[in-house]
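Here's the structure, in structure tokens; my notes come after.
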Amino acid sequence: MSTAFDNARASRVTIAGKLLLLSWPLVLLISLLFAIGFAMLFSAAGGKVEPWAGRQAVRFAIGLCLMLGVALVDIRFWFRHAYSYYGFVLLLLLVVEIAGDIGMGARRWIDFGPVSLQPSEMMKVGIVLALARYFHAMDEARANRLPSLVPPLVLIAVPAALIVRQPDLGTTITVVLCGTAMLFLAGVAIWKFVVVGLAGAGLVPVVWQFLREYQRQRVLTFLDPSRDPLGAGYHITQSKIALGSGGIAGKGFLDGTQSHLNFLPEKQTDFIFTMLAEEFGLIGSLTLLMLFLVVIFYALLIALRSRNQFGRLYAAGFAATLFIYVFINTAMVMGLLPVVGVPLPFISFGGTHLWTVLFGFGLLLSVSIHRHTEIGRLGYAD
Amino acid sequence: MRRDRDRYRLFTRRAAMLGAGKVGLFGLLAARLYYLQVVESDRYTMLAEDNRISVRLMPPSRGAIVDRHGELLALNQQAFRVQIVPEQARRLEAVLNALGDVIEVPEHEIARVLRSARRQRAFVPITVREGLSFEEVSKVSLHAPELPGVQIDVAQSRFYPAGGAAAHVLGYVGAVAEADLTGEPVLTLPGFRIGKAGIERAHDLALRGRAGTSEVEVNAVGRVVRELYRREGDVGQELMLSIDAELQAFTAARFGDQTGAAVVMDVHTGEVLTLVSAPSFDPNLFSQGIRAEDWRGLINHPYKPLTNKAIAGQYSPGSTFKMVVAMAALEYGIATPSQTFSCRGDVALGEAIFHCWKKGGHGTLDMHGGIQQSCDVYFYELARRVGVERIAQMAYRLGFGNPLDIELPGEQPGIVPTNEWKKARIGVSWQLGETLVVGIGQGYLLATPLQLATMTARLVNGGRAVTPRLTRRLGSAAKTMPAPAELGFQRANLATIERAMAAVTGPGGTAYRARIELAGMAMGGKTGTSQVRRISLAERRTGVRKHEDLPREQRDHALFVGYAPIEAPRYAVAVIAEHGGGGASVAAPIARDVLIETQRRGTLPRGGTPQAAAPATRPGDRI
């Protein structure tokens, strides 16, 4: 059996052999994306490496090592420790809940000396990993049984509840959407999504009651930015001005007026896409979106080529996570979605999301390397 | 295996659906980007430029005002103030204390600066002290290395070196009021000053100049990043007046405590050499905003220092009007110079008795004697024959009854009464007695000192309708006036009047004691004393009270109109001393001194070309 042979081969290959199996084009794409991010952070600082680009490069170097390390570890190890990672992140979320640092009116961070982590970001991969393991051994029929749906819903709801209390609407939505994507991939009947969706729509007025005032403001100014042009609507308005004034070819690298004269808020983090679009125009913004699309489809390709369900689910789920990151961020700066605070992977300044995404890519590469590995119910070869 | 295959198929289907959804949503993003960056790009580009570019106005320097010899009457002084930029100072309090060691900075000012520093953006300069002396400026500049963030700012403030002497001609500048806003952007600049009175107001637009613009790139908090484009403004035009600054100062000083007005003009050109109104005020008080108590003091002052009495004060001309009546009689063929009347001290008209100022009368006088001795009875008789309509006609020809359009705001027209005027104004017909009263320059008749000077000029310049003017040159354009029109008087008649006026300062004339004995400078003229109150019958009988015993506001106005030199008249003067008493004793000596000074200065060599008054630094410059 070739399967048995491949299986044996994958588990026996040396580190060097695994490095050969690594999807180098994907690593190149990642590096290319980071290079764009580095250039934009360099521009955001007015043509200086400090304070953002340099630090982000160090983080990327660390993250790249992390990614390669994760990629080389046997996929069954990650299968066995999927819940551990999820549990660990959940624990961190609880710590944040109890004693998190206050930042931008929200508790999001845990300080580890020189590094501060944002556990809610880590949950974006954690939820995918945990649900991939949960649905690994289930077929369509079992996945659709109601009792089988309770644990995954709990797995989604608990972190979502903790994150929304921070409060961090953007990350909550991302985590819930990632979980939903996993349920969809696992084969849960489509009508169930429709029913829940309609019920959710019915719940909007109820949820509105629980939203914080600033969250309501964000939604309201999203619906009509002109109602407060100098206050909450300022971000959206200035972002659209920056995007629009970029035109087709852009104003040129380091020449974005909106960003360099500080009309554009948070240009090094959530609004960095706007800055790129201002300096490189439609050509630049579409190119970046195409690069992300290529990466996402690369992940889907890895999913389809995997021989084990865990790998497939994880890879396709991670592709969905990536997509959600990119879509929410870019749609938000274009004024298609409310400003909820989601970074753009590889481009925005920030450590946790970069490491989370690189950790996720490490797992994806591991799936790719170990695509022939068979995984039993408990994570050992059958 | 079968189970796994089904599962794989399902997974593939679901993954493909998600993939398709992602492509669809990316399509949505691309469409949105296309809309923003291509369809709406022009609109957003404009908005981005609006964000980034701010147009700032640079106030122009106000044009200087110089006298006929180029001497500065109004200029811009550099007003220095010391400012501190908190961002550059870093240790603000320490720097302020260090500054306090260099120049005097009161404790509470330091506290105020520290308070404002907390409130505003760190790059916005805060004024620490204004009105620095030049010495203090150099001290601060010398210590600049130890005073980071400290800068000297130069602003401009209007300065009038002559102080109050020319205040009524020059006027003053003040802050722009709501009513002054014309939509011109420069008017909204903080600290911008416009002409509020006098020639400053009359020629405000020319003096103001044109503001420059500076297009600067600003960031989101308004800090200037760099200058993109600069268009220098134009300095306001220099205005040269016909005023002689030193003569003006002399005349103002000559008034002493007297209140009133004096005008000296060139009888041929109409150029006003001196225009004084007393008491005066210091126009410099207004340059940086007048304090409320100073303002109250000026407007509540009983002698009205803010009123320009030379053009806005309307007085009964008294006997100075007698030449008008005489001219009317001669020109309209009512009487000849040899016409005699007999003065016995009074004349009766129906029930009423009209008195001459000289108790007992002048005896028989011809026209020459009537003017020389200012006989009232002579002019009662003459006026009765001429009639009020002809007197009014002659008065208009000599410049009464209408504004003379000198370039100053607030000029009054005076009153030349006629039957028609009285009916329209009071609703009653003219009485013959009123004609007699007008004959000696009293009654409803009112004239400004400027009109009296103009009348005198027209009588002695060969009968030409000269009008007073103040501007010699505005910018580079010399103001030329067409030669004044002939009034069509007969030479002989003018000569009769001129001879009589010359005799006023001669032996037996009313102003003999105020004559000028300097060779070639002799003065002719006419005295006038205009009653402020009626003299009652009882008073006439018991003898008029001594003038000095009356309260000031009941005393007569003293007037004198004159010209010099007699041989070839060149200057006309009109002097009024309010409640001064007799024209001969109070007004004529002032006129004499002023005319001596005028003629002395007239023979002086002309001053050099006026200096250009463009200052080396503009407001807003930092040194």
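So the protein lines, in turn, are chains A and B. Under this note's numbering, the first residue of the first sequence is numbered 1, with each subsequent residue one higher. Under this note's numbering, the first residue of the second sequence is numbered 383, with each subsequent residue one higher. A virtual CB, placed ideally from N, CA and C, is assigned to each residue, including glycine.
- Listed by position along chain B, the residues whose Cβ is nearer than 9 angstroms to that of A316(A) are F393, R396, A397, L400, G401.
- Counted as a single uninterrupted DSSP element, the stretch harbouring H683(B) is not any beta strand (DSSP E), since DSSP gives it neither H nor E.
- Every alpha helix (DSSP H) of 4 residues or more that sits fully in the stretch 412 to 481 of chain B is shown, in chain order, as 423 to 434, 468 to 471.
- For A730(B), the uninterrupted beta strand (DSSP E) segment begins and ends at 728 to 731.
- Note: G745(B) is bridge-paired with C725(B) in the DSSP secondary-structure output.
- The residues T269, I272, in chain order, have a CB closer than 6 angstroms to that of S348(A) in the same chain once the five nearest residues on each side in sequence are set aside.
- Ranked by Cα distance from N262(A), the options E475(B), T887(B), A430(B) are led by A430(B).
- Secondary structure note for E880(B): its alpha helix (DSSP H) is the uninterrupted segment 873 to 886.
- According to the DSSP assignment, G890(B) belongs to no beta strand (DSSP E), since it is labelled neither H nor E.
- Along the stretch 588 to 618 of chain B, the positions whose C-beta sits under 8 angstroms from a C-beta of chain A are E599, V600, N601, A602, V603, V607, read in chain order.
- Scanning chain A for C-beta atoms nearer than 8 angstroms to the C-beta of V420(B) yields G247, I248, L282, reported in chain order.
- Look at A189(A): its C-beta is not under 8 angstroms from any C-beta on chain B.
- For A579(B), the closest C-alpha among the options D562(B), P567(B), I972(B), E475(B) is that of D562(B).
- Close CB contacts of I753(B) within its chain, under the 8 angstroms cut and outside five residues either way in sequence, are with K704, M705, A708, I879, A882, M883, A885, V886, K908 (chain order).
- The C-alpha of G965(B) is placed about 10 angstroms away from the C-alpha of G700(B).
- K48(A) sits exposed, since fewer than 16 C-beta atoms from the chains shown fall within 10 Å of its C-beta.
- In terms of Cβ geometry, V295(A) and L322(A) form a close pair [threshold 8 angstroms].
- For G594(B), the uninterrupted beta strand (DSSP E) run begins and ends at 594 to 600, by DSSP.
- Contact annotation: L282(A) and V420(B) have beta-carbon atoms nearer than 8 angstroms.
- Here D787(B) is exposed, its C-beta having fewer than 16 other C-beta atoms within 10 Å.
- The stretch 588 to 604 of chain B makes contact with the stretch 248 to 262 of chain A, as at least three CB pairs between them are under 8 angstroms.
- Interface residue (Cβ-Cβ distance to chain B less than 8 angstroms): T257(A) is classified as such.
- Ranking H585(B), I898(B), A398(B), A526(B) by CA distance to the CA of A181(A) puts A398(B) first.
- For the alpha helix (DSSP H) assignment, the uninterrupted runs of no fewer than 4 residues enclosed by the stretch 748 to 791 of chain B are, from N- to C-terminal side, 749 to 754, 758 to 768, 770 to 779.
- Residues of the same chain with a CB within less than 6 angstroms of the CB of A710(B), apart from the 5 flanking positions on each side, are V768, R772, I773, M776 in chain order.
- For E266(A), there are no C-beta contacts with chain B under 9 angstroms, since the nearest C-beta of that chain is about 12 angstroms from it.
- One finds nothing in chain B with a Cβ atom closer than 7 angstroms to the Cβ of K124(A); even the nearest lies about 16 angstroms away.
- The shortest CA-to-CA distance from G284(A) to any of L364(A), A186(A), F253(A), A299(A) is the one to F253(A).
- By DSSP's assignment, E868(B) forms a beta bridge with R846(B).
- Contact of F408(B) with chain A by beta-carbon distance below 7 angstroms involves L289, L293.
- In this structure, W52(A) places its C-beta atom within 8 angstroms of the C-beta atom of L41(A).
- Setting aside the 5 residues that flank it on each side, R613(B) is surrounded in the same chain by G594, T595, each with a C-beta closer than 6 angstroms to its C-beta; the list follows chain order.
- Going by C-alpha positions, A57(A) is about 51 angstroms away from K521(B).
- According to DSSP, A141(A) shares a beta bridge with no other residue.
- Looking at the DSSP output, G531(B) sits in no beta bridge, so it has no partner there.
- Looking only at I241(A), S23(A), V125(A), G197(A), the smallest Cα-Cα distance to A316(A) is reached by V125(A).
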